[in-house]
Amino acid sequence: MSFGYITRRFRFCASHRYWVSGWDEEQNQAVFGSRTSKYGHGHNYTLDVTLKGDVNPITGMVINLSEVKKIIGAVVSRFDHAFLNVDLPYFHKIQPTAENVARIFWQLIEPDLPEGVFLHRVRLYTTESVFAEYFGSEDEAVFSKRFVFSATHRLNSDKLKDEENRIVYGKCNNKHGHGHNYAVIVSVRKPIDSVTGMTIPLKVLEEKVRNFLKTELQGKRLDMEVPYFSDKPATSENLIAFIHAGLEQELGPFLYRIKLKETDNNFFETGELFDE
Ligand SMILES: [Zn+2]
Ligand SMILES: [Zn+2]
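Start counting the sequence shown at 243; every next residue gets the next number (the working numbering).
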């Protein structure tokens with residue numbers, strides 16, 4: 243019997259706000275900004291639920307997708323078109339952040355699964371570029387955000403002869419360089435703060451990553467203007483190692499993984515694989 247993973251995507255629309263009742267207006271504003279509005283703000287949420295279990299040798303399935311749709315669909319329908327803070331009792335005491343919403347989904351779905359089928363991961367997108375993941379460990383979650391920067395490079399190795407460089411790197415060896423809109427998805431794995439409901443405030447993550455990208459990479463010719471590449475080719479494998487080391491200084495041991503997209507067709511990863 244083989245073991246398998248299946249993922250089903252659900253979508254729902256909802257509003258929420260962030261407000262810690264023990265804090266005054268100023269404190270709430272400082273941490274949550276405009277997301278404190280008492281009327282809430284909205285998202286088109288995307289929920290990816292990954293299940294795992296043995297593949298039934300007769301049906302060839304871990305679980306029938308129509309059953310998945312029924313079990314998880316019933317949970318999702320309670321969130322759809324709701325003001326999470328008010329309409330759902332789970333968020334009367336905790337903030338409806340992406341991390342907490344993913345965790346609540348886990349808690350609501352888990353008891354309804356048939357025997358032998360287990361949750362592997364709940365991934366919740368609040369926008370196309372921000373998402374949280376929950377893996378079932380007590381209070382820990384992964385929070386990710388996608389950033390972009392633009393840079394140029396030429397692929398060339400000083401350990402190779404000119405002719406060899408042309409053969410190895412082809413067009414990318416053009417000595418005048420060429421450029422990309424790079425995308426970097428940065429993930430942090432941390433306990434969910436019991437007051438803010440966040441692993442890391444989005445503002446803090448944005449500030450640290452944007453600072454690094456702006457100072458080190460944005461608008462630069464990588465192989466000529468970034469000292470790290472003075473003795474190694476400015477390939478994306480080396481670039482992601484440079485970004486990982488730089489962000490590790492900013493985020494410490496909480497940096498969980500990085501995905502670098504050179505183009506929509508070429509991805510590079512460090513840490514845990516994304517399996518998007
Ligand atoms: Zn929001
Ligand atoms: Zn290139």
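No residue lacks a Cβ here, since even glycine has one placed at the ideal position from N, Cα and C.
Best match in the options for proximity to residue i [C-alpha to C-alpha]
{"i": "ASN453", "options": "GLU380, GLY488, ILE500 and GLY295", "result": "GLY488"}
{"i": "ASN507", "options": "ALA476, ASN423 and LEU493", "result": "ASN423"}
{"i": "SER257", "options": "PHE333, THR512, ALA324 and PRO495", "result": "ALA324"}
{"i": "PHE252", "options": "ASP322, GLU449 and TYR260", "result": "ASP322"}
{"i": "TYR498", "options": "PHE274, VAL384 and GLY378", "result": "VAL384"}
{"i": "ILE482", "options": "THR512, VAL262, ASP473 and SER308", "result": "THR512"}
{"i": "ARG345", "options": "PRO299, PHE373 and ASN306", "result": "PHE373"}
{"i": "VAL318", "options": "VAL468, VAL437, ASP329 and LEU289", "result": "LEU289"}
{"i": "LYS445", "options": "ARG388, VAL273 and VAL428", "result": "VAL273"}
{"i": "VAL437", "options": "LYS312, LYS335 and LYS401", "result": "LYS335"}
{"i": "GLU490", "options": "ASN480, VAL468, ASP473 and VAL428", "result": "VAL428"}
{"i": "TRP261", "options": "SER244, ILE248 and VAL328", "result": "VAL328"}
Outcome for residue i when other beta-carbon atoms lying within 10 angstroms are tallied against a minimum of 16
{"i": "LYS501", "result": "buried"}
{"i": "ASP465", "result": "buried"}
{"i": "GLU341", "result": "buried"}
{"i": "GLY295", "result": "buried"}
{"i": "GLN337", "result": "buried"}
{"i": "GLU380", "result": "exposed"}
{"i": "TYR367", "result": "buried"}
{"i": "GLY439", "result": "buried"}
{"i": "PHE333", "result": "buried"}
{"i": "LYS503", "result": "buried"}
{"i": "ASN286", "result": "exposed"}
{"i": "THR339", "result": "buried"}
{"i": "LEU326", "result": "buried"}
Identified DSSP bridge partners for residue i
{"i": "SER392", "result": "ASN423"}
{"i": "VAL364", "result": "VAL291 and TYR376"}
{"i": "ASP296", "result": "PHE245"}
{"i": "ILE500", "result": "VAL428 and THR512"}
{"i": "PRO433", "result": "GLU382"}
{"i": "ARG251", "result": "ASP290"}
{"i": "VAL410", "result": "Looking at the DSSP assignment, VAL410 forms no beta bridge with any residue, so it has no partner."}
{"i": "PHE325", "result": "SER257"}
{"i": "THR438", "result": "Answer is none; THR438 lacks a bridge partner."}
{"i": "THR505", "result": "ASN508"}
{"i": "VAL359", "result": "GLY295"}
Residues near residue i in its chain [Cβ-Cβ closer than 8 angstroms; skip 5 each side]
{"i": "GLN460", "result": "PHE391, SER392 and ALA393"}
{"i": "THR505", "result": "HIS422"}
{"i": "VAL430", "result": "VAL384, PHE385, SER386, THR441, ILE442, LEU447, LEU493, PHE496, LEU497 and TYR498"}
Cβ shell of residue i (< 6 angstroms), same chain only, five flanking positions each side left out
{"i": "PRO433", "result": "ASP381 and GLU382"}
{"i": "VAL310", "result": "ARG250"}
{"i": "PHE484", "result": "TYR470"}
{"i": "HIS486", "result": "ILE500 and THR512"}
{"i": "VAL359", "result": "LEU293, GLY295 and ILE305"}
{"i": "GLY246", "result": "VAL297 and VAL304"}
Same chain only: Cβ atoms within 7 angstroms of residue i, ignoring 5 sequence neighbours per side
{"i": "GLN271", "result": "THR278"}
{"i": "LEU397", "result": "TYR411, CYS414, ASN415, PRO475, ALA476 and THR477"}
{"i": "GLN348", "result": "One detail in the question is off: residue 348 reads as Trp in this sequence, not Gln. Here the set comprises LEU361, VAL364, TYR376 and GLY378."}
{"i": "LEU314", "result": "Correcting the residue identity first, residue 314 is Ile in this sequence and not Leu. Here the set comprises ARG250, PHE252, VAL291 and ILE351."}
task: Report all residues for which the CB-ligand distance to some heavy atom of ligand 1 is below 7 angstroms; order them along the chain.
output: By the rule of a C-beta closer than 7 angstroms to any heavy atom of ligand 1, the residues picked out are HIS258, ARG277, HIS283, HIS285 and THR368.
- request: Any chance you could list the residues with Cβ under 7 angstroms from a heavy atom of ligand 2, keeping chain order?
  value: Any residue whose Cβ sits closer than 7 angstroms to a heavy atom of ligand 2 makes the list: HIS395, LEU397, CYS414, HIS420, HIS422 and GLU504.
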